[in-house]
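Residue numbers (this note's numbering), protein chains in the order written: chain A, -10 to 298; chain B, 2 to 398; chain C, 103 to 492.
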Amino acid sequence: MLECRDLRKSFGELAAVDGVSFHIAAGETYGLLGPNGAGKTTSISMAVGLMQRDGGQVLVDGEPLDPGTTKLKAKIGLVPQDLALYPDLTARENLRFFGRLYDMPRARLSRRVDEVLEIIGLSDRANDRADTFSGGMKRRLNIGIGLLHAPGLLVLDEPTVGVDPQSRNAILESIEQLGSEGLAVLYTTHYMEEAERLCDRIGIIDRGQIKAEGTRRELAQILSQHDRVRLSATGPLHEGAEALRRIAGVQQVDVTDGAIDVLVEQAGNSLMAILSALDQSGVSITGVEIDEPNLEAVFLHLTGRSLRD
Amino acid sequence: MRSALNIAAKDLRQRVRDRSIYVIALAAPLGLAAIFGFVFNPISDADFTATFAVANVDQGPLAAPLVDGVLGGLAEAGNVNLVQAASAEEATRLVEGDGERADQDIDAAIIIPADFSARVQTGRPAELRVVQNANSSLAATLALAIVEGYARELDYVQGAVTTLAAFDPARLADAAGVAGLAASTPHPVTVRDVSASTKQLDNTTFYGAGLATFFLFFTVQFGVNSLLEERHFGTLNRLLAAPVPRWSIILGKAITSFGLGLVSMLILIVATSFILGADWGNPAGVALLVVAATASAIGVMAMVSALARTSEQGEVFSSIAAVGLGIIGGTFFPINQAGGVLASLRFVTPHAWFLQGLGDLAGGSIGDILPAVVALLAFTAASSGIALALLRRRLNP
Amino acid sequence: MKALAIAASNLRRFARERANVFFVLILPMLLILVLGSVFGRGFEPRVGLVAPESGDLTQSLVEELEAHEGFALHRHGDRDTVVRGVERGELEAGLILPPNYDAAIRAGDAVEIDFIARPGQAALSLRRSIDTLLAEQMMPPRIAGFVAEQGAATFDQALAQAATVNADTDGVNVAATVAGESFITRRNWGQFDLGAQQQLMLFMFLTSLAGSAALVQTRRLGIARRMFATPTTVRTILLGEGLGRFGVALVQGVYIMLGTMVVFGVRWGDPLSAVLIVVAFGLVGSGAAMLMGALFSSDQQAAPVGVFLGLGAAALGGCMLPLYVMELFAPAIWTAAHVMPHAWALEAFEVLAIHDGGVADVLPFLGILLAYAAAFYALAIWRLRVVLTR
Chain A
-10 MLECRDLRKS FGELAAVDGV SFHIAAGETY GLLGPNGAGK TTSISMAVGL MQRDGGQVLV
50 DGEPLDPGTT KLKAKIGLVP QDLALYPDLT ARENLRFFGR LYDMPRARLS RRVDEVLEII
110 GLSDRANDRA DTFSGGMKRR LNIGIGLLHA PGLLVLDEPT VGVDPQSRNA ILESIEQLGS
170 EGLAVLYTTH YMEEAERLCD RIGIIDRGQI KAEGTRRELA QILSQHDRVR LSATGPLHEG
230 AEALRRIAGV QQVDVTDGAI DVLVEQAGNS LMAILSALDQ SGVSITGVEI DEPNLEAVFL
290 HLTGRSLRD
Chain B
2 MRSALNIAAK DLRQRVRDRS IYVIALAAPL GLAAIFGFVF NPISDADFTA TFAVANVDQG
62 PLAAPLVDGV LGGLAEAGNV NLVQAASAEE ATRLVEGDGE RADQDIDAAI IIPADFSARV
122 QTGRPAELRV VQNANSSLAA TLALAIVEGY ARELDYVQGA VTTLAAFDPA RLADAAGVAG
182 LAASTPHPVT VRDVSASTKQ LDNTTFYGAG LATFFLFFTV QFGVNSLLEE RHFGTLNRLL
242 AAPVPRWSII LGKAITSFGL GLVSMLILIV ATSFILGADW GNPAGVALLV VAATASAIGV
302 MAMVSALART SEQGEVFSSI AAVGLGIIGG TFFPINQAGG VLASLRFVTP HAWFLQGLGD
362 LAGGSIGDIL PAVVALLAFT AASSGIALAL LRRRLNP
Chain C
103 MKALAIAASN LRRFARERAN VFFVLILPML LILVLGSVFG RGFEPRVGLV APESGDLTQS
163 LVEELEAHEG FALHRHGDRD TVVRGVERGE LEAGLILPPN YDAAIRAGDA VEIDFIARPG
223 QAALSLRRSI DTLLAEQMMP PRIAGFVAEQ GAATFDQALA QAATVNADTD GVNVAATVAG
283 ESFITRRNWG QFDLGAQQQL MLFMFLTSLA GSAALVQTRR LGIARRMFAT PTTVRTILLG
343 EGLGRFGVAL VQGVYIMLGT MVVFGVRWGD PLSAVLIVVA FGLVGSGAAM LMGALFSSDQ
403 QAAPVGVFLG LGAAALGGCM LPLYVMELFA PAIWTAAHVM PHAWALEAFE VLAIHDGGVA
463 DVLPFLGILL AYAAAFYALA IWRLRVVLTR
């Protein structure tokens, strides 16, 4: 469906995207997971032909796509990160306008507008101006515009940023639904849970490069020899974390609110050493959990920084 | 092309919902033209008819040619009104009025003192008097010029008689006959009146046209700046991601601006004609000028707008450009009649060319507007060329 | 004081808008410069002249024309330029001398000068002035022509004789006196004085009205309701917002006065009284702005309507056509002008600048202006209370 090869883009000195390659098969949901500023939006802007590339190639169904290409763009539906709709037009008018730009025949457009209004749950507000909508409704309309022309590939750029939990869940559900109906989806996010929940395959992107790629299971394999130990604790957590880093076998230490996450090669071998080191640092432990590493841990392992940074 | 029309149709729908465009494109120019017309028209329409008080105290043979001949002729032609005064004092009083300010009705008094004719005929010093109203400069100057002209004629006759006598003293016997002959000798130089056509707009039309032009630049800016607005709303990316060529986005905006500009101008022309009585002139010529002016307005505003990064900045730049060019271009006052640097400077604006074209059309034929149309199209070509070059970069990030 | 806090936040928002620098500080000065250059010197008719020769007779005629006080002479190279200038109103009249002017006169031939003017009577006085000037200058040739025709002497002999005769005779004297005092000279405005006063009023009012959008915005953003939810009265909110507009108007007014004084040498008269007028007029402007802000519900509309009303009120109030011209030519409009506060402020400035008046002399005008301000504010408070608590 979509193949990106060695995409490159620099803004002055900064190489925002530095050789990114990925491909998405028909019906597949692919996630680009990375923190803010990793190069996600720049990558997909090039992938959908919004941005001039410094290098690389984009193929849609085997045909090259460039900013100047027109017809081919009809195979892609874009949902920009920020709201992109006309506040002074109604929901229906917004949909109809963009539908016309995709050369949809009138009869089909009318049918499709009604369908999409149904999908995004705005049928009863179809003739109200977008500026009268709540934040969640605007988000849904924003996604609806991308779906309208029934593209083979839907590109969503962090569609859940700044959305309340309820709307967010609704959005994720509808994307899951679309994916299961055979639509290919390119999804960028910095929420690990979303990537884990939605995506068939995930590319971990940081500083303009894809650090690792695969299914959730494949990515977890990177740390298959590892265990994740979560210690709920109180006291001088950062000093305790320092002490832990000196223990052999400990790969990563990450302090979160009221807990220390530790990635170790074999939990059974070093758990005692960990507990005593913390005890010596004056940290009192209230709970211990041992788990398989999650994407968060993989990410931290690969990039040396947290997704939340 | 179809996508350009789609974009234009969408834009127009948005503009029609934005009520401020009605104020800027229609109400403001029409309302201001009405107010300006109300304030300025009585002044310019005050026709120049001089009124003179004449005190012919002399009643002699040399007073008659002035009073009945020169002044009487002008009065008959309807150029001056004459008021007879019995004495020099009365004539002066008529001009002076109530004292606080000079009377507005009498522009000057012309006084022919007692025994004026006798003094001239006997070669003694003679005097004619003119009392000018300080507040009627043109008419008072006319009075002085008439009286001086007559005095010089008398001087000539006297000079002619004396000079002839120097060569042939015998002719002095019939001095009056010689004087008559001299008076009928034509001037070596005659002044021939050539009437020039008036290639100027009347006041009502000038303010209507000037304000329409001034606000035209704001009106097209609604279309031009909508490109920045699309960026602001994030919809520009959607347009770029859609399967439409990039030029069709720009063409769509141009169509929107053109539509807004033409419709507003059309409504203003019709409204000022019927409500205010403006006379725009030959419809075909006006149409040509309006189309060229609208195109140039779009080009100039697109160029200015393309320099801006955000839609707020775009609005700021455009309003500064529209106001500045409008003032330099003479849309508020006829700057061309000022002369000097300002009068020449106005030609850097499309406004001035448009108004000049309308003026030339008013007193001439449709062919006379050619320079204005060409200039406006040159503005369009140059400014939209620059705008496109700037926008190319903007649309290809 | 709460009103001051509201005013300060209002001013801060105003200063952030970069366009305001242009419209508040640069544009008024630009207009004063343009208007002063165009209209400040009074009106002198312009006569375009084409004189292809440089013979003695041509020379002396040109000198006479140049010396004439009734018009300004502009020399041009060809007839077409002059005709175009007359047609477009850039010249009041044109005068075209024939190419053989000197020779033809010396030969005693009839010479024709073309006087080009637009139809209408305005050129009548110019035509007469030029006739008179020509009559005086052409007297010796005309006498010589007459004497030669009578067969008493040759043209040249007669011309020489006529010149001596002409110098000896006194001729008929024309005594001209001026009655009354000119409306213009009585005021003795400097080139930029009147324009500066007019633009001061125009811009203070215009800036205030255009700024009424700020109050609408405050209302629309829900800030006004939020303020009203705090223990703040409608009057305080409005006074605060009004104080913000007033502050801008005052800064602009004082800036224009000082700026024009320094740059164009404009006379404003007694400084204290002048500042008092600006203060009073600033209150009027901000009051009108508050009323508009309370009446309109969309800031998108309030701004253009404010500009429209600001320009319209200024045109009517004597900021475009001087009041004395209205008084002279159209008393009805002069009366209508005094519905606008501008007219009263302009009259107050005239008292200061022309009659060297002081505070006591402008007191009545200040009273009238303050009454306008009070009325605007009262109406605005009433209206805003209705709107906010609806």
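Cβ coordinates follow ideal geometry from the N, Cα and C atoms, glycine included.
Excluding the 5 residues flanking residue i on each side, which residues of the same chain have their C-beta closer than 6 Å to its C-beta?
i	result
residue 84 (chain B)	54
residue 409 (chain C)	312
residue 88 (chain A)	98, 137
Counting only C-beta atoms, is residue i closer than 8 Å to chain B at any point?
i	result
residue 244 (chain C)	yes
residue 92 (chain A)	yes
residue 59 (chain A)	yes
residue 150 (chain A)	no
residue 414 (chain C)	yes
residue 494 (chain C)	Residue coverage of chain C in this structure runs from 103 to 492, which leaves residue 494 (chain C) outside it and unanswerable.
residue 127 (chain A)	no
residue 379 (chain C)	no
residue 201 (chain A)	no
residue 168 (chain C)	no
residue 118 (chain C)	no
What's the gap between the Cα of residue i and the Cα of residue j?
i	j	result
residue 156 (chain B)	residue 177 (chain B)	14 Å
residue 353 (chain B)	residue 331 (chain B)	6 Å
residue 63 (chain B)	residue 147 (chain B)	15 Å
residue 163 (chain C)	residue 231 (chain C)	13 Å
residue 258 (chain C)	residue 375 (chain B)	56 Å
residue 469 (chain C)	residue 454 (chain C)	16 Å
residue 146 (chain C)	residue 266 (chain B)	35 Å
residue 245 (chain B)	residue 299 (chain B)	23 Å
residue 245 (chain C)	residue 67 (chain B)	21 Å
residue 464 (chain C)	residue 291 (chain B)	49 Å
residue 57 (chain B)	residue 119 (chain B)	14 Å
residue 382 (chain C)	residue 412 (chain C)	17 Å
residue 217 (chain C)	residue 194 (chain B)	5 Å
Counting only beta-carbon atoms, is residue i nearer than 8 Å to chain C?
i	result
residue 376 (chain B)	no
residue 36 (chain B)	yes
residue 188 (chain B)	yes
residue 147 (chain B)	yes
residue 102 (chain B)	With a pLDDT of only 39 at residue 102 (chain B), under the threshold of 50, the placement of this residue in the model should not be trusted; the figure read from the coordinates follows. By this cut-off, residue 102 (chain B) is an interface position.
Run through the DSSP bridge pairs and tell me what residue i is partnered with.
i	result
residue -6 (chain A)	A:46
residue 276 (chain A)	A:221
residue 42 (chain B)	Partner(s): none; residue 42 (chain B) has no beta bridge.
residue 22 (chain A)	A:178, A:193
residue 376 (chain C)	None, per the DSSP bridge assignment.
Please list, in chain order, all residues of the same chain as residue i whose beta carbon is under 8 Å from its beta carbon, the five residues on each side excluded.
i	result
residue 56 (chain A)	38, 39, 40, 41
residue 102 (chain B)	Residue confidence for residue 102 (chain B) is low, a pLDDT of 39 falling below 50, so the modelled location carries little weight and cannot support an answer.
residue 107 (chain A)	none
residue 76 (chain A)	118, 119, 120
Who are the near neighbours of residue i in its chain, counting only those whose CB is closer than 7 Å to its CB and skipping five residues on each side?
i	result
residue 58 (chain A)	38
residue 230 (chain A)	242, 244, 249
Counting only beta-carbon atoms, is residue i nearer than 8 Å to chain A?
i	result
residue 24 (chain B)	no
residue 254 (chain B)	no
residue 203 (chain B)	no
Original post:
With contact counted as at least three CB pairs below 8 Å, one residue from each stretch, are the stretch 266 to 278 of chain A and the stretch 214 to 222 of chain A in contact?
Top reply: yes
Subject >> the stretch 340 to 351 of chain C / the stretch 434 to 448 of chain C touching (three or more Cβ pairs under 8 Å) >> reply: no
Original post:
Should the stretch 247 to 257 of chain B be regarded as contacting the stretch 322 to 329 of chain B, the criterion being three or more beta carbon pairs within less than 8 Å?
Top reply: no
Original post:
Is there contact between the stretch 310 to 322 of chain B and the stretch 211 to 229 of chain B, where contact requires at least three CB pairs shorter than 8 Å?
Top reply: yes
**OP:** Take every Cβ of the stretch 397 to 405 of chain C, pair it with every Cβ of the stretch 419 to 428 of chain C, and state whether three or more of those distances are shorter than 8 Å.
**Re:** no
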